[in-house]
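Please read the structure below before turning to the comments.
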Amino acid sequence: MPRWRKISILLLSCILLTGCWDKVEIEQRAFVSAMGIDKFDPQEEQEKDGAEEETEPEQISRNRYIVTYRYPNTSVIAGKGEGEPVFKATSIGRTITDINSEVATKLGGNLFFGHLKLIVIGNSLAEDEQLMREVFDYIERNAMIGRKIHYMIASGKAKDLLEVKLARQPVAGLFVRDIIEQNMRTSQIADADIGYILRALHESRAAITPQLEGSEDELKVAGAAVLKDYKKIGWLGELETGAIMFMMDKVKNTEITVRVNELFIPVMIYNSRTAVKVEVRDGEIYAVFDIENEGELSQHLFELIGDTYEDEYLRDVAKAVSEKIKNQVEDTFIRSQKEFNADLIQINEELRKHEPDLWDEVRDNWEEVYPKVKVEANVETDIRRIGTTR
Amino acid sequence: MGFFDKLFEKNENPIPKIPIVKDFQNNLDQIKEILKDGDDIIYREFMVGQEQDMKFGLVYAEGLADKNLLNEHILQNLMVLCRTAPMEVPDLRDKIYETIKNGSVAVTDLKEIDDIQVAIDMILSGESILLLNHWDKALVIATKGWPMRGVNAPDTEKVIRGPSDGFNETLRVNTALVRRRIRDPKFKIKQMQVGQRSKTDIAILYIEDIVNKDILKMVKERIDAIDIDAIMESGYIEQLIQDSWRSPFPQMQHTQRPDTVAAALYEGRVAVIVDNTPFVLIMPATVVTLIQSPEDYYERPFIASAIRMLRFAALILSLIMPSLYIAITSYHPGMLPTDLAMYVAGSRANVPFPAFIEAFIMEAALELLREAGIRLPGPIGSTIGIVGGLVLGQAAVEAGIVSPLMVIVVALTAIAGYSSPSYSLAISYRLLRFVMMAFAAFLGLYGVIWVIIAILIHLCNLKSFGVPYLSPFVGSAATPQDFKDVFIRAPLRYMKNRPQYLHAGDSQRLAYDTQEILTEEGDGNGKQK
Amino acid sequence: MGSRNNDVILSSQFAAILSVTIIGVGILSLPRLVVEGAGPDNWILLLAASGAALFVGLVMAFVVKKFPGKTYLELTQTMFGKPIGTLITLGFSFYLVIFCAAEVRIFGEVTKQYLLFNTPLEVLSVTLLVLAVYLARSGIETIARMAEVIFPIATVIAILMVLPVLPELDVSYILPIIRTPFMDFVKAVPTIFFSYLGIEFILLYGSFVKDTKKVHKSVLLTVGLVTWFYLSVTWLTVSRFGLIETTHITWPALELFKTVDIPGAFLENIEAFIMAIWIFSVFMTLAVAYFGASLTLSQAIKSKEQNYLVLPLLPIIYFVAMIPDNIAQVTEFMDLYAFYMGTLYITIIPVALLIMSFFKKDKRGKKSA
């Protein structure tokens, strides 16, 4: 055997025998499934009785965040152990990394963020630009945190939301994902993961994030927060969020109820497609949304036979649906201009792509130009199905 | 033809010749002296002729020679019949050979020799030697006939469809089994003896105008170079002539099935049959030939292709599954879907060992079970399997020493490993699996990749008789044609050529217009009678 | 040790070697570089760079075809005279050693970032280098076979992994077409051109090719394949991240796979898997360059066997790889290094060889062809 081989084998075994640097057995990891980040408010903390940490005066200025982690009790999931299905841990500190290591020491385990599903930002933190930018950077820089996780802004404190005990506690401990998926199907919520939010912020410094609300035993995703210059500047209602989703071509299924001939007719919308265009007419910039929908009429009136079997009538219904969507879209767009001056749909990117000359002109004062952009929504709806009765 | 003649030129016998002399007693004594204390050698002296004046001696090894044949066709003829019907040959002493051959000894194969050393070899391989007084030659009578196993179905390499005759321990029977499948005058069986003491018969089989002459030459040269006292099994030959003894991978295929050998010969490979063993070597082997099963060619191409792909997947799985388990659980739990990761974490909650030790214990236990199962006789062997597999596994899980997932992984690995048609490939995988597990324990996924790259480099380095081991994936000779028989088994009508990477002489296998004719007939509606 | 190779490869194997060599650590940061350089005109930039690569590739192929079977040393010595030729060959060896070191270092950094966070860089580098030693000692034929095996596997898996992203491919990101200022564009071309680093091996390994007449076909195939690969990675990344975010991410091509969800798959976060495939291709680049370094060194110092020089190079490469303090320094150094040394060995020397070859009429070379 040549000498080099002996040497290399020796070398290799030396390396390997000192090894296992990264080995952490899977059961020793705490799979953080949700993380809540709040702004540390010294006064509030002092008022509160029995605060977890004794906060000395000089420490107060150093603490800036309160981070809450929620991680499942994996033994319960495997059907082996008993007890709480979910554990929670909270700590305060100056940076998120500090808090991570502090909590890890406290738990005696390793926090693992590879399966993180949700980051909730407390309302007060969301309004602080400096801290928000730090949080965004932390998320973007961290190799473990995926880009498919949900990033939401709490209506109140993130900590409270993560400590909600759900009435129907999912066994898997992945309550977040279950809730979100449930919500996705049924209502109009912002379909915005961290990947989208980061990208939108990079492109137009404005984005929407879903809003998380909670009560005693319930969590709800409702409406959205508007981010501008990396901080929250306002809320959007559910309908407006839906309209934004229409504009971003992210609508999967939704329901629109219209009033035709004194009747409330709910129409299930599916197969919605949106094309965004930017046009210049008479020196004005127009944002044009061409929306095409297909729908199913899901309720009409009992014993009113025949109406729904007429093409004419269905067209009327469809027209009403289109009209409604059109109004919503245009109103929401105008609100985003007038109230927030936040380019939520990344019209600037469209402009850059399709009207490069114009974009070169307005690039530097887009903030002023955006509110003047005219909006036009062309909605076309076809009602394809009417259910099983005529 | 010159090539083949030269290839098989007889090399001279190194043992000095002991000539047979006219003195009968002297010859017999010589033999007796050499074979002293060989109590299984029978010396039968008898007188022949009306006057009982001719002294004959018959020497044979008991058990190796066919006693019935000796009694009925030699002794009876010479001792009894010759007396009743005297031989009317004037010059008996000179013409004794013709006389006996034509007149008295009723056996098929007779040879005349003049060397006692040769005579001894013959005796020891089961022939009988007939010595005559006053004659300086001896007669070799082909009386080989010893108790042997019949042509049974082979224990390994079972197929559902296909012939179930298998080789046995007798060279002659084995060559006959192959010859039955190749009635081609170009099919050659070249015999030689290897082993200073064992003098084991070895036959090299090839089809003259198909085989790649370089490969044949290499086989011949390497076998010639063997200078060993004894060959016990074809494994001896395999280990002595393979390209790289350091490799864990088998560089020759071994089989008990004559149809596999015949098919290999038709592809242009060389087979070596060794006496005393039913395992025939086929060379060169590539990684693909070790995954092909004869049944692939007998079944319909689609199902055969599907099964073959399954086998490929199984091979890869059996190699990497335990190490992937270690790497993922100990290093990269992020790779698993969230639910599964949580479940794995929970199921390992009270396991006292790290994943590597856990996997190591289970794999070692499995290897033990396998070993125990092989050694024990059939019914008890299966009991061990049940006790070990079910009871032990269940108890280990319940005791919390291993996690249930680990048991599943180990069981799947074992099953996947068994699906390989080549036992020797499967056992080499068993070894590599442990190496890979060790690296996975140290470096996680990178360790697994590291070992895979190392194995790949080794495989790329490896050649079997000049043919790259990874053919037809690599190598200058491989053509896209060859991929018709790798992951899939193309319909026979499309496999028109022999494997190109072997550089077979006559590479065409199926007439090029066959396909059209077959299709035409298939379309014709009135052709069936 | 199996039978010794006779050191002959086919032009198809040559193409495989070149492809796996060119695609190395660069692929991870390529989308960022391209987008930084030309924004929406990234594809034109890529095509322009590939055109440049094709040009020098064909120049080298021409030289190889004109002097078949000539080693790098012989080529440079006949063209520039003995001392200069030796110097160039020695310099090439030196260049390749640094190339290896950079490759190892970036490999270590990425692996540490995405796979093994606490494992020392030293261990990652040495283990990979040991493997490279093994392959470099095995000779060109084994390298060729290895490239032949790895290239299709890596390609197939990469394509499979990309499939889930495909529906979101947004071609509108190439709009507006050709708006980048011309000077910016020209300045960006060299940066991207150095993503084709590895093409200089045509001259080095051309001497092993059996069917020399097809060398230019290998070059075409290689540049085509690599460009296609680069283009698809860039487009996918851009349509996923947009132009602006792409420029923010250090290794966008890897980050891309963090956004991929394979529906119903057994594995969730496939970026670790992508890392695995990427390690294959980095390893091949490293091994080929390593082999080249030892080969040129053995030629320059007139050693008969290249084998013995492989192991002594390991500590050198290792220490060079450990010099930079952080990834920023590595990148800075790589840029400078690629600019000066790369330009010398990829463009100047081949073109000089081409020009000189018109003056020198090689008598034997043509006859033996």
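Residue numbers (this note's numbering), protein chains in the order written: chain S, 59 to 448; chain H, 418 to 946; chain B, 41 to 409. Don't be surprised by glycine CBs; every beta carbon is placed ideally from N, CA and C.
(message) Tell me whether the segment 241-259 of chain B and the segment 207-214 of chain B touch, counting them as touching only if at least three CB pairs, one residue from each stretch, are closer than 8 Å.
(response) no
(request) Count the C-beta pairs between the segment 78-96 of chain S and the segment 176-195 of chain S that are closer than 8 Å, then say yes if the count reaches three, no if not. (result) yes
(message) At a CB distance below 9 Å, what residues from the segment 384-414 of chain S approach chain B? Give them in sequence order.
(response) Q404, E407, E408, R410, K411, H412, E413 and P414
(message) Can you check whether the C-beta of F281 of chain B is within less than 9 Å of a C-beta belonging to chain S?
(response) yes
(request) Closer than 8 Å by beta-carbon distance: list the chain H residues that pair up with E296 of chain S, in chain order. (result) Chain H residues near E296 of chain S: none, gap ~28 Å exceeds 8 Å.
(request) Decide if the segment 316-330 of chain S is in contact with the segment 340-355 of chain S; the criterion is three or more beta carbon pairs, one per stretch, under 8 Å apart. (result) yes
(request) Measure the beta-carbon distance from K453 of chain H to D532 of chain H and round it to whole angstroms, keeping in mind my assumption that it falls under 8 Å. (result) Not a contact, Cβ separation roughly 19 Å.
(message) Ignoring anything shorter than 3 residues, give me the beta strand (DSSP E) runs that lie fully in the segment 243-309 of chain S, in order along the chain.
(response) 264-272, 277-286 and 289-294
(request) Kindly indicate which three-state DSSP category H208 of chain S falls into: helix, strand or coil? (result) strand
(request) Give a yes or no on whether 9 Å exceeds the smallest Cβ distance from T148 of chain S to chain H. (result) no
(message) Between the alpha carbons of V215 of chain S and S279 of chain B, how many angstroms are there, rounded?
(response) According to the sequence as given, residue 215 of chain S is Lys; it is not Val. Their backbone Cα atoms lie some 35 Å apart in a straight line.
(request) Starting from the beta carbon of V761 of chain H, find every residue of chain S whose beta carbon is closer than 7 Å, and list them in chain order. (result) I84
(message) Within 10 Å of its beta-carbon, does E370 of chain S have 16 or more other beta-carbons around it, so buried, or fewer, so exposed?
(response) exposed
(request) Please name the residue in H:I870, H:A928 and H:Y863 whose C-alpha comes closest to that of D80 of chain S. (result) H:Y863
(message) Let me check understanding here. Comparing Cα to Cα, which of H:G474, H:R847, H:I624 and H:M912 lies closest to N550 of chain H?
(response) H:G474
(request) Measure the C-alpha to C-alpha separation of G300 of chain S and A766 of chain H and round it to an integer number of angstroms. (result) 44 Å
(message) Quick check on the burial criterion: 16 or more other C-beta atoms within 10 angstroms. Buried or exposed for T151 of chain B?
(response) buried
(request) Any chance you could list the alpha helix (DSSP H) runs of at least 4 consecutive residues sitting entirely within the segment 561-636 of chain H, in chain order? (result) 588-596
(request) Going by CA-CA distance only, name the one from S:Y428, S:N200 and S:V144 that's closest to T290 of chain B. (result) S:N200
(message) For chain B, check one thing: does any of its Cβ atoms lie closer than 9 Å to the Cβ of P885 of chain H?
(response) yes
(message) Given this structure, state the Cα-to-Cα distance separating D365 of chain B from T390 of chain S, to the nearest angstrom.
(response) 51 Å
(request) Measuring only between beta-carbons, confirm whether M752 of chain H sits less than 9 Å from chain B. (result) yes
(request) Quick one: list the residues of chain S neighbouring Y742 of chain H, beta-carbon separation under 8 Å, in chain order. (result) Those do not exist, as Y742 of chain H stays about 10 Å from chain S at its closest Cβ, beyond 8 Å.
(message) Could you check whether T573 of chain H and Y840 of chain H sit closer than 9 Å to each other, using their CB atoms as the reference points?
(response) yes
(request) Tell me the start and end of each unbroken beta strand (DSSP E) in the segment 441-497 of chain H that is at least 3 residues and wholly inside, in chain order. (result) 458-465 and 471-478
(request) Measuring alpha carbon to alpha carbon, tell me which of H:I866, H:E650 and H:S710 ends up nearest R674 of chain H. (result) H:S710
(request) Starting from V338 of chain S, trace the alpha helix (DSSP H) both ways and give me its first and last residue. (result) Counting along the chain, V338 of chain S falls outside any alpha helix (DSSP H), though it belongs to the beta strand (DSSP E) covering L321 to R339.
(request) Could you tell me which chain B residues have their CB closer than 7 Å to the CB of D80 of chain S, listed as they occur along the chain? (result) L156, F157, N158 and T159
(request) Could you tell me the distance, in whole angstroms, from the CA atom of G238 of chain B to the CA atom of Y683 of chain H? (result) 44 Å
(request) Whole angstroms is fine: what's the gap from E425 of chain S's alpha carbon to N399 of chain S's? (result) 7 Å
(request) Might you give, ordered along the chain, the residues of its own chain that have their beta carbon closer than 7 Å to the beta carbon of A361 of chain B, omitting 5 neighbours on each side? (result) A141, V144, R145 and S165
(message) Quick check: is any heavy atom of the ligand FMN less than 8 Å from the C-beta of L707 of chain H?
(response) Questions concerning the ligand FMN fall outside what the structure shown contains, since it holds no ligand whatsoever.
(message) Please return the same chain residues whose Cβ sits closer than 6 Å to the Cβ of L155 of chain B, not counting the five positions on each side in sequence.
(response) M315
(message) For a contact defined as C-beta to C-beta under 7 Å, what are the partners of A201 of chain S on chain B?
(response) Q153 and Y154
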